[in-house]
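Visitor:
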Amino acid sequence: MEVMNKILSESDAKNKRLEFPARSLSAFPMPDGQNSVQFVAFDMNEQQWNLKVSIRNEGKYSKPWLKGEWDDYVHQKGLKKGDKVILTMDEEENGERIYRIRAERKHFGFWYSIDDQQ
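Residues in the sequence shown are numbered from 1 upward in steps of one, following full-length UniProt numbering.
Written out as structure tokens, the structure reads:
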């Protein structure tokens, strides 16, 4: 299941967090009373990335953010404004959720995996 498919903004690529679409929060069950949940996502090279989805404690909107090793992921992949990040989730028979993250860059009108270029 595709959790998120986002073209990065300048802020997403330069800050230590990614503005996360609120509609994607359902893929991350948050314990009652908590405002964040940690998870591991595997990239196309099977490298683990420890990430965290956080929401605001106050205000009308949850305004979720993706943090954790996001900044390290951005630097290792060389991500910049206009690149795309896709996060998927598969639920195993035992209920375990497996998350995968991949980055793509548009070149001559086509999207290409950045992982393949490393």
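The beta carbon of each residue, even a glycine, is placed where N, CA and C say it ideally should be.
Start and end of the alpha helix (DSSP H) containing aspartate 12?
Guide: Along the sequence shown, one-based indexing puts residue 12 at 12. Per DSSP, aspartate 12 belongs to the alpha helix (DSSP H) from 10-14.
Visitor: Could you pull out every residue in the same chain whose Cβ sits closer than 8 Å to the Cβ of asparagine 35, ignoring the five residues on either side in sequence?
Guide: As a position in the sequence shown, residue 35 is number 35, starting the count at 1. Once the five neighbours on either side are set aside, the close Cβ partners of asparagine 35 are Ser54, Ile55, Arg56, Asn57.
Visitor: Kindly give me the distance between the Cβ atoms of lysine 81 and glutamate 19, rounded to whole angstroms, as I take these residues to be in contact under 8 Å.
Guide: Taking the sequence shown and counting its residues from 1, one reaches residue 81 at position 81. Taking the sequence shown and counting its residues from 1, one reaches residue 19 at position 19. Lysine 81 to glutamate 19, Cβ: 13 Å. No contact.
Visitor: Exposed or buried, phenylalanine 108, counting other C-beta atoms within 10 Å across all chains shown (16 or more means buried)?
Guide: Walking along the sequence shown from the start, residue 108 turns up at place 108. Its Cβ having fewer than 16 others within 10 Å, phenylalanine 108 is exposed.
Visitor: Can you tell me whether glycine 33 is buried or exposed? The criterion is at least 16 other CB atoms within 10 Å of its CB, across all chains shown.
Guide: As a position in the sequence shown, residue 33 is number 33, starting the count at 1. Flag for glycine 33 reads exposed.
Visitor: Output the distance between the C-alpha atoms of leucine 79 and alanine 103, rounded to the nearest integer angstrom.
Guide: The residue you call residue 79 lines up with position 79 of the sequence shown. The residue you call residue 103 lines up with position 103 of the sequence shown. One C-alpha to the other measures close to 8 Å.
Visitor: Starting from glutamine 76, trace the alpha helix (DSSP H) in both directions and tell me its first and last residue.
Guide: Position 76 of the sequence shown, counting from 1, holds the residue named residue 76. Taken as a continuous stretch (DSSP letters only), the alpha helix (DSSP H) holding glutamine 76 covers 70-77.
Visitor: Identify the continuous beta strand (DSSP E) that holds serine 24 and give its terminal residues.
Guide: Counting from one through the sequence shown, the residue named residue 24 turns up at place 24. First-last for serine 24: undefined, no H or E at that position.
Visitor: Buried or exposed, going by whether 16 or more other CB atoms sit within 10 Å of the CB of tyrosine 73?
Guide: Looking up residue 73 in the sequence shown gives position 73. So tyrosine 73 ends up on the buried side.
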